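Taking the numbering used here, the leading residue of the sequence shown gets 68, the next gets one more, and so forth. Even for Gly, the Cβ is constructed at its ideal location relative to N, Cα and C. Treat the numbers as computed from the prediction; the structure is a model and nothing was measured.
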Amino acid sequence: MNLIVEAALFGDPVAVEMLTRSAMAVGEALAGMVNIFNPSMIVLGGSVGRSLDMYLATIRRAVLDRSLPLATRSLQIVTSPLGDRAGLIGLAFTVIDELLSPEALSMWLERGTPTGLTQLTA
């Protein structure tokens, strides 16, 4: 995607068209989720979060055009400051949440380790 973004920045019409179509597809998919879940915020990360303002504007427009008006009344679509690290950081927090869940902690206290084994393996 980086090469396409660079080409679009230099005004390549094919790259601009590819980004526009991609943004429309992302926006349409998000609109379906907005209609079902009615979130107050959507955070876009990774290469999407770093893309062109035009790309993000197209995603926002597609979401607004294809979502129920009530579902978008207070909806914010923002980019993550974490960039490409967003997925990895989210995964790390998921693992931490699981390891420190009430069920896991009670097992730790009972067995001495998260799995009951004497040593952890990867």
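| Check | Outcome |
| --- | --- |
| When the Cβ atoms of the stretch 105-112 are set against those of the stretch 72-91, are three or more pairs found closer than 8 Å? | no |
| Are the Cβ atoms of G94 and A138 separated by less than 8 Å? | no |
| From the DSSP output, which residues share a beta bridge with V110? | V145 |
| By the 10 Å Cβ neighbour count, where 16 or more other Cβ atoms means buried, how is I190 classified, buried or exposed? | Only positions 68 to 189 of the chain appear in this structure, which leaves residue 190 out of reach. |
| In or out: V81 buried (at least 16 other Cβ within 10 Å) or exposed? | exposed |
| Would you kindly check if the distance between the Cβ of P169 and the Cβ of L142 is under 8 Å? | no |
| Where does V162 land, buried or exposed, given buried means 16+ other C-beta within 10 angstroms? | exposed |
| I'd like to check one pair, L97 with Y122: are the Cβ atoms closer than 8 Å? | no |
| I'd like the span of the alpha helix (DSSP H) that includes N69, first residue to last. | 69-76 |
| For A159, does the count of other Cβ atoms within 10 angstroms reach 16, so buried, or fall short, so exposed? | exposed |
| In its own chain, which residues sit with a C-beta less than 7 Å from the C-beta of T125, not counting the 5 before and 5 after it? | T87, A90, M91, G94 |
| When DSSP labels each residue in this structure, what does D79 get in the three-state scheme? | coil |
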